[in-house]
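**Q**
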Amino acid sequence: MFVPSHYRIQDENWHRRIIDGHPLATLTTNGPTVPWASRLPALVAPGEPRTGPLAGTELYGHLNRANPHWKALTDGGYARLMFDGPGGFVTPAVYPDGPSAPTWNFAAVHVCGKLRLIDDPEETLQVVRWTAQRLEERFGAGWDQTSSVGYFRRLLPGVGAFRLRVEEVEGLFKFSQEKPADVQESVIRRYEADESGAGRALAHLMREAGMGRTAEVAPAGATADSARGVCPF
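Numbering that gives the first Met the number 0 applies: residue 0 is where the sequence shown begins, and numbers increase by one.
Quick look at the structure:
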């Protein structure tokens, strides 16, 4: 992923918050003619640090074994997980008079590393249970999975689970950093006024990152380029 230096946030806890808050990822691997791509939930595995750098940590994921992508995965092969945070259109109407162009602000995090495919049914069950627990904690209503573990077991023959050990992390936080503070403020207020509510999460992130005139939180992290790992695609 191409990440201009002014769209970087070095604090990897920002990377984690995109993964935790938007765990429906796109798994991509090389295919014979075009890349494979599958949408699936992916979460930092239990026992891993909940803060700090992601490199060296493991993520859990799973998909349907009937998906041809599962059959194409190789143990020890490289993969990329792409997480999309909030995003929103920027209309030139929020800019001062003069030539301008529309754009799109957004947050996205990609992680790349080696896959370990899970064959053991009990470990697969662990992945399913952990995923259900974390998603319920983050988005649910206090559902207790205890009575459904037997049902989970009946589903296991159709579940392909994996671990991905992170080797490289890329985060792109496009928050109008190249614009002056008054323009950033106009962009943020446009998002805050979005009647659908879709822009408010992005507005909140922009303020936390120090954008706009009335931001109360100091900018998060430096924008210097970070050392990059090696990803084969």
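Just so you know, even glycine gets a beta-carbon here, dropped at the ideal spot from N, CA and C.
All figures in this text were calculated on a predicted structure; none of them were measured in a lab.
(1) What's the gap between the Cα of Val233 and the Cα of Asp96?
(2) Label Trp103 either buried or exposed according to how many other C-beta atoms from any shown protein chain fall within 10 Å of its C-beta, with 16 as the threshold for buried.
(3) Is it buried or exposed, Leu252, if we count other Cβ atoms within 10 angstroms and call 16 or more buried?
(4) Below 6 Å CB to CB, which residues in the same chain sit around Thr28 once its five sequence neighbours on both sides are set aside?
(5) Are Pro101 and Thr90 touching if we call contact CB-CB under 7 Å?
(6) Short check: CB of Val168 to CB of Val110, under 7 Å?
(7) Counting only C-beta atoms, is Thr27 closer than 7 Å to chain B at any point?
(8) Could you tell me the distance, in whole angstroms, from the CA atom of Thr145 to the CA atom of Ser195?
(9) Please list, in chain order, all residues of the same chain as Glu191 whose beta carbon is under 8 Å from its beta carbon, the five residues on each side excluded.
(10) Could you check the C-alpha separation between Tyr6 and Leu204 for me, to the nearest Å?
(11) Go ahead and pull the three-state DSSP assignment for Ala44.
(12) Hey, how far is the Cα of Leu23 from the Cα of Ala41?
(13) Helix or strand or just coil, what does DSSP make of Val108?
(14) On the CB-based measure, 16 or more other CB atoms within 10 Å of its CB, does Met0 come out buried or exposed?
(15) Fully enclosed by the segment 27-96, which alpha helix (DSSP H) runs are 4 residues long or longer?
(16) Write down the C-beta distance between Glu130 and Met81 rounded to the nearest angstrom, noting that I regard them as a contact closer than 8 Å.
(17) At the level of alpha carbons, what is the spacing between Gly141 and His21?
(18) Please state the DSSP three-state secondary structure of Trp13.
(19) May I ask which residues mark the beginning and end of the beta strand (DSSP E) holding Glu169?
**A** Looking at the atomic coordinates:
(1) This structure cannot speak to residue 233, because the chain is shown only from 0 to 232.
(2) In this structure Trp103 is exposed. Its beta-carbon is surrounded by fewer than 16 other beta-carbon atoms within 10 angstroms.
(3) It is not possible to answer for residue 252, since the shown part of the chain is limited to 0 through 232.
(4) So the list reads Trp35, Ala78, once near-sequence residues are dropped.
(5) The Cβ-Cβ distance between Pro101 and Thr90 falls below 7 Å.
(6) The Cβ atoms of Val168 and Val110 sit closer than 7 Å to each other.
(7) Here there is only one protein chain, and chain B is not present.
(8) For Thr145 and Ser195, the distance between alpha carbons rounds to 36 Å.
(9) A distance below 8 Å between beta-carbons, with the five flanking residues on each side excluded, links Glu191 to the following residues of its chain, in chain order: Gly198, Arg199, Ala202.
(10) Roughly 13 Å separates the two Cα atoms.
(11) Correct three-state label for Ala44: coil.
(12) Distance between the alpha carbons of Leu23 and Ala41 is about 6 Å.
(13) The three-state secondary structure of Val108, taken from DSSP, is strand.
(14) Burial call: exposed.
(15) 67-71, all fully within the segment 27-96.
(16) Here residue 130 is Thr; the residue named in the question, Glu, does not match the sequence. Contact between Thr130 and Met81 fails: their C-beta atoms lie close to 18 Å from each other, not under 8 Å.
(17) Cα-Cα distance, rounded: 19 Å.
(18) In this structure, Trp13 counts as helix in the three-state DSSP scheme.
(19) Residues 158-173.
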